[in-house]
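First comes the structure, then the notes that go with it.
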Amino acid sequence: MYKNFGPLKVLKGVSATAGDGDVLSIIGASGSGKSTMLRCINLLEMPNAGRIWVGGE
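Take the sequence shown: its letters are residues 1 to 57, numbered as in our numbering.
Right under this line is the structure:
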């Protein structure tokens, strides 16, 4: 997944996989894109490129 805000590249080729019942933790420094990634997963922000699959869709 890729997400830009103007010239600022926030997410650059981020990927993650979790199976049923898995717990996924997202950690990183302040300003590293954690909240942006979650906003994209929840469709509150649209990524500039890439795909998001939830439940095989």
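Ideal placement from N, C-alpha and C gives every residue a C-beta, glycine not left out.
Asked, Found
"Endpoints, beta strand (DSSP E) assigned at residue 38", "Looking at the DSSP string, residue 38 is not in any beta strand (DSSP E); the run it does join, the alpha helix (DSSP H), is 34-41."
"Residue 11 - DSSP class collapsed to helix/strand/coil", "strand"
"Cβ-Cβ distance between residue 12 and residue 47 below 7 Å", "no"
"Alpha carbon of residue 30 to alpha carbon of residue 56, nearest angstrom", "31 Å"
"Beta-carbon proximity of residue 1 to residue 50, cut-off 7 Å", "yes"
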